[in-house]
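Enquirer: The sequence shown maps to residues 1 to 137 in full-length UniProt numbering.
Backbone N, C-alpha and C fix where the C-beta goes; we use that ideal spot for every residue, glycine too.
Please find one structure pasted underneath; my questions will follow.
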Amino acid sequence: MLKHANPDPNQVATSLGKSTPRSSEKDGRSETLLTLEQAARFLRMNPESLRRKAKAGEVPGAKIGRSWLFYEPDLVANLRSLYPASRALQGKEENPCSANSRAVRIGTFASRRQMDAAYAELLGLPIESSPKSTKSS
1 MLKHANPDPN
11 QVATSLGKST
21 PRSSEKDGRS
31 ETLLTLEQAA
41 RFLRMNPESL
51 RRKAKAGEVP
61 GAKIGRSWLF
71 YEPDLVANLR
81 SLYPASRALQ
91 GKEENPCSAN
101 SRAVRIGTFA
111 SRRQMDAAYA
121 ELLGLPIESS
131 PKSTKSS
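Written as structure tokens, this is what we have:
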């Protein structure tokens, strides 16, 4: 009979069909691998939605065999990347309403005549004078 001295609880739980997060301590930080269900619970979202996002590459994860695994620090980093830049740094929006700023119109003319005159000037063409009134008094 083989005896194992102090078996790893993660291996025992896995062999019994229980899913427990696998973690290790490195430099005082917890590094945890999560299953699809655990990662969905961590992100507070539906497991099927998380699976679709992982498959599309929107959320970092790896499919090993038939199951998805997620690295907790990667999920946190991905979540932080979704923060709006202005709110993440300052806590408020920089330009809350675009209607408050004046729009700059580039390359537009008020009339067709202005556009033709500018085009002719750029090409060095002679500019015609305005037509005179043909009405007689």
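1) For Ser67, which residues does DSSP report across the bridge?
2) With a 10 Å radius around its C-beta and 16 neighbouring C-beta atoms as the bar for buried, classify Ala39 as buried or exposed.
3) Going by alpha carbons, who is nearest to Leu75 out of Lys135, Arg41, Thr108, Gly65?
4) With H, G and I counted as helix, E and B as strand and the rest as coil, what does DSSP make of Leu82?
5) Buried or exposed for Leu34, going by 16 or more other Cβ atoms inside 10 Å?
6) Taking just the CA atoms, how far does Thr108 sit from Ala56?
7) If we ignore side chains and look at the alpha-carbon of each, how far apart do Thr14 and Tyr71 end up?
8) If you draw a straight line from the C-alpha of Ala110 to the C-alpha of Asp116, how long is it?
9) Grouping DSSP H, G and I as helix and E and B as strand, with all else coil, what is Pro126?
10) Exposed or buried, what is Gly124 when buried is set at 16 or more other beta-carbons lying within 10 Å of its beta-carbon?
11) What would DSSP say about Glu58, mapped onto helix, strand or coil?
Expert: If we stick to the structure as given:
1) Ile64, per the DSSP bridge assignment.
2) buried
3) Arg41
4) In the structure shown, Leu82 falls within a coil segment according to DSSP collapsed to helix, strand and coil.
5) buried
6) 42 Å
7) Note that Thr14 scores 46 on pLDDT, short of 50, meaning its location in the model is unreliable; the coordinates nonetheless yield the value given after this. Here the alpha carbons of Tyr71 and Thr14 stand approximately 18 Å from one another.
8) Cα-Cα distance, rounded: 11 Å.
9) coil
10) With fewer than 16 Cβ atoms within 10 Å of its Cβ, Gly124 is classed as exposed.
11) coil
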